[in-house]
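K.L.:
Residue numbers (our numbering): 2 to 368.
The beta-carbon is built from N, C-alpha and C at its ideal position, and this holds for glycine as well.
Below is a structure I'd like to ask you about.
Right, dumping it as C-alpha cells:
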C-alpha cells in the first residue's frame, strides 16, 4: 500500500507541475501580455488626425504623409530615390460605414480581415486566395502575442515576407477595436535594399505605443470618401449630397427659401480637386483670382487672404456678382489642389447655424 500511495503522490505532484507550467505558459501568452511600452522620451511632435481625431507622437526625424482621407504613413524625412518608401509606419481607420469597403482603406479588405481576426495565437493563415508557389507566403500572417496600447487590448500579427517589399522586410500589424471603429496600425521595417530611409523597428514600436483613439463620428453625421476628387469629409445626414462633374456638392434649403430664385436661405457647398501643370501653388491661386475677376459678369472680388482649414494653409477670397460666395484654395501636393466654393447664406434675423455647420464640416476635411 505504501508503494501505491507513494506512486499516486508522485503522479499527483507531476500533474500539478504540468498544470502549473501550462497555466504559466497560457498566462504569459494571452492574459497578462505586457503593453508595448511607455511613450519614449524625446517623442514630442504630436499629430491629431483632422477627421478621426486620434493622436500619435513622432520623433523629429520622421514625417507624416497623408495617404487618402482614411490613412496616413509615417516615414523618415530622408528617402532613397525610387517609386516609394519601403520602411514606414501606417495607420488606417475603418468606420462603421466603411466596413464593407474594398480597396479604399490601406491594408484592409473585409474578407482578409475576417481571416486574420479568426486566427488563434501561434497560428498562421494566407489571407489572399493565391495558390501559386512562392506567392502565398507573401500574404501569410502569424498571430503573435496580444498586447496593449494605452491600456486598450490589441491583436498583433507578423508577416516576414510581405508582398511587393524587399526580401528581409517584416510587417508587424496591430488591430485595435474601440467604440465601433477598427484602427489598423503597422510598420514595415528591414529589407535588403534599404539605406538612409531604414526605420528602426524599436522606434516604430515606440511611436505606435503613443497612439490614442479619437472621438467617434457623432450621431446624425455621415462620412464621404470621395474616390473621384480624392478627399474625405464628414457632413450632416440632412444635407443632400451629389457627386457631379463640378465636384462633391452639398445642399440644404432653408424654410424661407423660394423656388427659382438665387439662394438666400440655405447651405450650398462644392468641393473638388484640380491640377496645375506649371508654376507654384501661389501662381495657381493668382490665376484663379484673375480668371474670376475677368468673367463677363464683372463680379467684385475681395482681397486674397490666408486661411487654415483642417491644418492646411491656403487662400480665400470673396466674390460678389450673381450671388455672393467665397473661393478657397488649399494645396494638395504633386501640383494638385483643393477648391472650395461656399455659397452658404442665412437670413440675418436668425442664429447663424449654417456657418457653424460648414465650418465644422471643413474641419474634418482630410486628403
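List the endpoints of the continuous alpha helix (DSSP H) containing residue 354.
P.N.:
354 to 363 is the span of the alpha helix (DSSP H), which, as asked, contains residue 354.
K.L.:
If you drop the 5 nearest sequence neighbours on each side, which residues of the same chain put their C-beta closer than 6 Å to that of residue 363?
P.N.:
Around residue 363: 310.
K.L.:
Taking 8 Å as the limit between beta carbons, can you name the residues of its chain near residue 414, skipping five residues before and five after?
P.N.:
Since the first residue of the chain shown is 2 and the last is 368, residue 414 is not available in this structure.
K.L.:
Could you compute how far the alpha carbon of residue 123 sits from the alpha carbon of residue 279?
P.N.:
In a straight line, the C-alpha of residue 123 is about 54 Å away from that of residue 279.
K.L.:
Under three-state DSSP, which class holds residue 241?
P.N.:
Strand at residue 241.
K.L.:
Tell me whether residue 323 is buried or exposed, calling it buried when 16 or more other Cβ atoms sit within 10 Å of its Cβ.
P.N.:
It is exposed - the Cβ of residue 323 has fewer than 16 other Cβ atoms within 10 Å.
K.L.:
Might you give, ordered along the chain, the residues of its own chain that have their beta carbon closer than 7 Å to the beta carbon of residue 213, omitting 5 neighbours on each side?
P.N.:
Closer than 7 Å at Cβ, skipping near neighbours: 55, 56 and 151.
K.L.:
For residue 94 and chain B, any beta-carbon pair shorter than 8 Å?
P.N.:
The displayed structure is made up of one protein chain only, and chain B is not part of it.
K.L.:
Tell me whether residue 166 sits in a helix, a strand or coil according to DSSP, three-state version.
P.N.:
Residue 166 falls in the coil class under three-state DSSP.
K.L.:
From 277, 129, 271 and 128, pick the residue whose C-alpha is nearest to that of residue 329; which is it?
P.N.:
Considering only alpha carbons, the answer is 271.
K.L.:
What alpha helix (DSSP H) runs, 4 residues minimum, are completely inside the region 183 to 230?
P.N.:
202 to 209, all fully within the region 183 to 230.
K.L.:
Exposed or buried, which one is residue 288 when buried takes at least 16 other CB atoms within 10 Å?
P.N.:
Looking at its Cβ environment, which holds fewer than 16 other Cβ atoms inside 10 Å, residue 288 is exposed.
K.L.:
Which word fits residue 93, buried or exposed, when buried means at least 16 other C-beta atoms lie within 10 angstroms of its C-beta?
P.N.:
Buried.
K.L.:
Along the chain, where does the beta strand (DSSP E) containing residue 181 start, and where does it finish?
P.N.:
Note, residue 181: premise wrong, no beta strand (DSSP E); not H, not E.
K.L.:
Find the nearest neighbour of residue 354 within the set 133, 217, 237 and 231, judged by alpha-carbon distance.
P.N.:
The candidate whose alpha carbon is nearest that of residue 354 is 237.
K.L.:
Once DSSP output is grouped into helix, strand and coil, what is the label at residue 146?
P.N.:
If DSSP states are grouped into helix, strand and coil, residue 146 belongs with the strands.
K.L.:
Does DSSP classify residue 117 as helix, strand or coil?
P.N.:
Residue state, collapsed to three classes: helix.
K.L.:
Cβ atoms of residue 209 and residue 65: under 8 Å apart, would you say?
P.N.:
It is not a contact, given that the beta carbons lie outside the stated cut-off.
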